[in-house]
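According to the working numbering, the stretch in the sequence shown is residues 19 to 426, in order. For every residue, glycine included, the Cβ atom is placed at its ideal position computed from N, Cα and C. Notes for the one structure printed next.
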Amino acid sequence: MLDVARIRRDFPILQQEVNGHPVAYLDSGASAQSPRQVLEAVRRYYETSHANVHRGVHTLGERATEAYEGARARVAGFIGAGDARGLIFTRGTTEALNLVAYAYGLRRLKPGDAVVTTIMEHHSNLVPWQQIARLTGARLRFIPLRPDGTLDLSDLDRLLQGARVVTLTLASNVLGTINPVAEIARQAHAQGAIVVVDGAQGVPHLKLDVGEWDIDFLAFSGHKLLGPTGIGALWGKPELLEGMDPFQFGGSMIGRVGLHDSTWAEIPARFEAGTPNIAGAVGLAAAVDYLESVGMEAIRSHEEELVDYAWRRLGEIPGLSLHGPRRPRASLISFGLDDLHPHDVATALDSQGIAVRAGHHCAQPLMEWLGCPATSRASFYLYNTLDEVDRLARALIETKEFFRDAAI
Ligand code: C6P
19 MLDVARIRRD FPILQQEVNG HPVAYLDSGA SAQSPRQVLE AVRRYYETSH
69 ANVHRGVHTL GERATEAYEG ARARVAGFIG AGDARGLIFT RGTTEALNLV
119 AYAYGLRRLK PGDAVVTTIM EHHSNLVPWQ QIARLTGARL RFIPLRPDGT
169 LDLSDLDRLL QGARVVTLTL ASNVLGTINP VAEIARQAHA QGAIVVVDGA
219 QGVPHLKLDV GEWDIDFLAF SGHKLLGPTG IGALWGKPEL LEGMDPFQFG
269 GSMIGRVGLH DSTWAEIPAR FEAGTPNIAG AVGLAAAVDY LESVGMEAIR
319 SHEEELVDYA WRRLGEIPGL SLHGPRRPRA SLISFGLDDL HPHDVATALD
369 SQGIAVRAGH HCAQPLMEWL GCPATSRASF YLYNTLDEVD RLARALIETK
419 EFFRDAAI
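Here it is as structure tokens:
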């Protein structure tokens, strides 16, 4: 059992009122809030250890390098990676997926090769592969969905024939579906494909182990796991990264530079051109420390209770439709309310201090599959309470009544 009241005291932003109500932050799927421990780690870094990394022979430069490389080891440990050289710091999931697409896909794919993905992908795991397919002549193939929003894997063997890359999300940011990536990785490897996992919505909430699940690449963002914005990571199997050319070029990633030619640094430096987001990495490491100190299993059980309760409470509201599977599900719920526009719903909720997201959630092909242009979405994290779910349900009923009365 989480001591949620104690946890909430660590989050200064949750102590305020918004529009005259205590804020109920139900938008962690877009960006989670940061505890004092993360804010303090970043401030302490700037106050005591800031300098550029991997350059200075002076003391502050050494401290900064130590903080940055220490952060790498801690973040790698969080996802079960034994060898921290496989952990590349990026701006976030989007940059990490572009890195794999361009540094691996563009160099390895040939005309006729298949890239297998799903129709529930966020644009950041679809559009880069569309570009790579256009540049290489490879083809995209899509694992279809069952009516409940889970993957239909019945034809996976056929889809995997000729596949070089399988790339999919661990958890859908719209449906909440949790995909069986370890099982898919086993089948993909048997056919000779590598497996790329978009962990943006999974890594913050689920204990995972890249070694045990045999994932080749895993992308995730710091700002969805209590860390700062502008920092994230790509984990890659070191033996794959070592065989790859860089994604970006410039300082820090070179071995030797001549006027007409250059050689590359070893991994991970090869994939971190330019001055990195050192303070961001320090903040991200503090975030994973915080999550580990609370316990990922305990966080998951708390979120399961919240999302289960929310599913039941929201499901009781006439005219409210819920998207995605009942369970297991990630800690978010997308819904429609009568024929109200999700933006109107989110605005009405905001007037009561309740923050939810509304829109296509950067998943337009999935919206087409759902048959609606947008949804509202409530997403939960360790600091949310059952009381906030009750407030959401009550506010949705009031919203419905308000718009009904306005239409009369
Ligand atoms: N989703 C949301 O759903 P960045 O913006 O690079 O940190 O993460 C991109 C991304 C990739 N994959 C999935 C499954 C995601 O959910 C996201 C980000 C946010 O509200 C913003 S669209």
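- Annotation for Ser319: the continuous alpha helix (DSSP H) segment containing it runs Met314 to Gly333.
- Under the three-pair Cβ rule at 8 Å, the segment 372-382 does not count as touching the segment 237-256.
- Taken in chain order, the complete beta strand (DSSP E) segments of 3 residues or longer contained in the segment 117-204 are 132-136, 157-161 and 181-187.
- Using a Cβ distance threshold of 8 Å, Ile351 and Gly194 count as a contacting pair.
- Boundaries cannot be given for Val221, as no beta strand (DSSP E) includes it and DSSP labels it neither H nor E.
- Rounded to whole angstroms, the gap between the alpha carbons of Asn197 and Gly273 is 40 Å.
- When Cβ pairs closer than 8 Å are counted between the two stretches, the segment 359-379 is seen not to touch the segment 332-342, the count staying below three.
- Across the structure, Ala425 and Asp356 are spaced so that their CA atoms are roughly 13 Å apart.
- In the DSSP annotation of this structure, the continuous segment of the alpha helix (DSSP H) that includes Thr77 starts and ends at Thr77 to Phe96.
- Taking a contact as a CB-CB distance under 8 Å, the pair Phe267 and Ala251 does not count as one, their CB atoms being some 20 Å apart.
- When C-alpha distances from Gly88 are compared across Arg344, Trp147, Ile296 and Lys418, the shortest belongs to Ile296.
- According to the DSSP assignment, Val228 belongs to the alpha helix (DSSP H) that extends over Val228 to Trp231.
- The three-state reading of DSSP puts Tyr64 in helix, counting H, G and I together.
- Secondary structure note for Phe267: it is in no alpha helix (DSSP H), with a DSSP letter that is neither H nor E.
- Between Val56 and Ala305, the C-beta spacing is below 8 Å.
- For Leu243 against Pro222, the beta-carbon gap comes to about 4 Å, under 8 Å, which counts as contact.
- Excluding sequence positions up to five before and after Thr403, its CB lies within less than 6 Å of the CB of Val22, all in the same chain and listed in chain order.
- Look at Phe29 here: in three-state DSSP terms it is coil, with no helix or strand label.
- Excluding sequence positions up to five before and after Gln370, its CB lies within less than 6 Å of the CB of His39 and Ala413, all in the same chain and listed in chain order.
- Under the three-state reduction of DSSP, Tyr43 is assigned to strand.
- Beta-bridge analysis with DSSP links Glu35 to Pro40.
- When beta bridges are read from the DSSP output, Trp282 appears opposite Ile272.
- Here Gly240 carries a helix assignment [DSSP, helix/strand/coil].
- In this structure Ala206 is in contact with Ala181, their Cβ atoms being roughly 7 Å apart against a cut-off of 8 Å.
- The DSSP-derived three-state label of Phe235 is strand.
- DSSP lists Ala42 as the beta-bridge partner residues of Ile372.
- In this structure, the ligand C6P has a non-hydrogen atom nearer than 7 Å to the beta-carbon of Ser239.
- Taking 7 Å as the cut-off, one finds no heavy atom of the ligand C6P near enough to the beta carbon of Arg164.
- Here the C-alpha atom of Val134 lies approximately 18 Å from the C-alpha atom of Gly167.
- Considering only Asp28, Gln34, Arg24 and Ala42, the residue with the shortest C-alpha distance to Asp368 is Ala42.
- Cys390 has its CB no nearer than 7 Å to any heavy atom of the ligand C6P.
- Taking the Cβ atoms as the reference, Pro286 lies roughly 6 Å from Arg103, within the contact range of under 8 Å.
- Here Gln51 is buried. Its C-beta has 16 or more other C-beta atoms within 10 Å.
- Around the beta carbon of Ser172, fewer than 16 other beta carbons lie within 10 angstroms, which makes this residue exposed.
- With a cut-off of 7 Å, the C-beta of Gly245 is classified as distant from the ligand C6P, since no heavy atom of the ligand falls inside that distance.
- Remark: C-beta atoms of Tyr401 and Leu32 approach each other more closely than 8 Å.
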